[in-house]
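Per this note's numbering, residue 1 is the first one in the sequence shown, and the count goes up by one each step.
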Amino acid sequence: MLTLSKGIEPGDWLSFCGTLFGALIGAVIAGGIAIYVAHLQNKNQNDYIEKQNELDKRVKNYEMISYLVNNSIKILNNRFETLSKIYFEIIDENDKAIQRKLLNSMLSYVGSFNNEMLTFSEFLNYYLDSNDAELLKKANEKLLNEIKKLGSRLSYIAESLEDRKVKKNDIIMINEVIGNISFFKYGVNKELQKILFNQFNNTYK
Numbered sequence: 001m002l003t004l005s006k007g008i009e010p011g012d013w014l015s016f017c018g019t020l021f022g023a024l025i026g027a028v029i030a031g032g033i034a035i036y037v038a039h040l041q042n043k044n045q046n047d048y049i050e051k052q053n054e055l056d057k058r059v060k061n062y063e064m065i066s067y068l069v070n071n072s073i074k075i076l077n078n079r080f081e082t083l084s085k086i087y088f089e090i091i092d093e094n095d096k097a098i099q100r101k102l103l104n105s106m107l108s109y110v111g112s113f114n115n116e117m118l119t120f121s122e123f124l125n126y127y128l129d130s131n132d133a134e135l136l137k138k139a140n141e142k143l144l145n146e147i148k149k150l151g152s153r154l155s156y157i158a159e160s161l162e163d164r165k166v167k168k169n170d171i172i173m174i175n176e177v178i179g180n181i182s183f184f185k186y187g188v189n190k191e192l193q194k195i196l197f198n199q200f201n202n203t204y205k
């Protein structure tokens with residue numbers, strides 16, 4: 001060791017130590033960069049997974065809302081068509097017993113219609129944001145008011161029929177409310193379509 005030390009000049013030792021120190025610093029820096037890059041990649045991956053999970057949740061929510069909205073529009077239109085069909089059958093029927101039977105059938109149908117509207121709106125509101133839910137609620141209330149009004153008028157007519165046929169005034173009363181139901185049904189359908197559009201934009205924003 002003494003011989004080796006004597007064979008190396010002081011400048012050589014300095015150069016050797018500098019090289020070694022530089023290598024160590026380089027290794028530390030390289031290691032630090034590698035750790036930082038790995039951490040950054042891991043963070044980016046976690047962010048991507050989190051965003052993907054959020055998107056998946058929004059997509060599932062949209063799919064549920066889309067199903068409920070489209071199904072609600074279909075049911076609403078079908079219910080109104082059936083209601084209108086019974087109404088025209090009452091007008092065309094001359095037998096007073098059959099007229100009363102049809103009137104009672106319409107009255108029962110209106111009750112089911114009303115309950116369905118309440119159920120579907122409550123269920124759908126669970127998946128909506130507060131703004132969409134409020135708009136749908138207002139549109140539904142207008143429609144429900146007319147459905148209830150029709151039920152009240154049908155009950156009044158049914159109680160007063162006894163042994164007579166449905167009169168012209170009865171038909172006018174029914175026709176007026178059915179016309180209102182048609183108008184407010186359109187309002188509900190319009191809100192449902194808006195909701196679907198808004199939910200689509202919120203899902204894929």
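Cβ coordinates follow ideal geometry from the N, Cα and C atoms, glycine included.
Review point. For the stretch 153 to 198, which segments carrying the alpha helix (DSSP H) assignment without a break, of at least 4 residues, lie completely within its bounds, in sequence order?
Key: Here no run is fully enclosed.
Practice item. Enumerate in chain order the residues of its own chain whose CB-to-CB distance from L144 is below 8 angstroms, with the five nearest sequence positions on each side excluded. Key: So the list reads N114, M117, L118, once near-sequence residues are dropped.
Review point. Mapping DSSP to helix, strand and coil, what is D132?
Key: Annotated three-state conformation of D132 is helix, per DSSP.
Check your understanding: Is the number of C-beta pairs between the stretch 69 to 79 and the stretch 154 to 169 that are closer than 8 angstroms three or more?
Key -> The stretch 69 to 79 vs the stretch 154 to 169: no contact.
Review point. Helix or strand or just coil, what does DSSP make of A97?
Key: A97 falls in the helix class under three-state DSSP.
Review point. By Cβ distance, which residues of its chain are closer than 7 angstroms to A133, with the 5 residues on each side in sequence left out?
Key: The answer, listed in chain order, is N125.
Exercise for review: Please state whether DSSP places Y204 in a helix, a strand or coil.
Suggested key: Note: Y204 maps to coil in three-state DSSP.
Review point. Just checking my contact of L68 with Y127 at CB under 8 angstroms: how many whole Å lie between their CB atoms?
Key: Going by Cβ atoms, the distance from L68 to Y127 rounds to 7 angstroms, so yes, they are a contact pair.
Check your understanding: Where K85 and I65 are concerned, what is the direct C-alpha to C-alpha distance, given to the nearest angstrom?
Key -> Their Cα atoms are separated by approximately 30 angstroms.
Exercise for review: May I have the straight-line CA-CA distance separating Q99 from K165, to the nearest angstrom?
Suggested key: When rounded, the distance between both Cα atoms is 7 angstroms.
Point to revise | L2 (DSSP reduced to helix, strand or coil) | key: Here L2 scores only 44 on pLDDT, less than 50, and its place in the model is too uncertain to base an answer on.
Exercise for review: Out of Q41, K194, N46, A97, point me to the one whose CA is closest to D129's CA.
Suggested key: Distances from the alpha-carbon of D129 to those of Q41, K194, N46, A97 put K194 closest.
**Study point:** Backbone secondary structure at Y87 - three-state DSSP
**Key:** Helix.
Check your understanding: What residue from Y186, E50, Y62, E54 has the CA that sits closest to R79's CA?
Key -> If we check each option's Cα against that of R79, Y186 comes out closest.
**Study point:** Selection from K142, L150, V59, A97 that minimises the alpha carbon distance to N189
**Key:** If you compare the alpha carbons of K142, L150, V59, A97 with that of N189, the shortest gap goes to K142.
Practice item. Please determine, among E176, L192, T203, the residue with the shortest C-alpha to C-alpha distance to N71. Key: Answer by Cα proximity: L192.
**Study point:** Whole-angstrom C-beta distance between F200 and Y109, which should lie under 8 angstroms
**Key:** That pair is no contact at about 34 angstroms.
Point to revise | Residue of L161, F184, S160 minimising C-alpha distance to S146 | key: According to the sequence as given, residue 146 is Glu; it is not Ser. Nearest of L161, F184, S160 to E146, Cα basis: F184.
**Study point:** Reference F207, options I181, I174, D47, closest by Cα
**Key:** What is shown of the chain runs 1 to 205, which leaves residue 207 out entirely.
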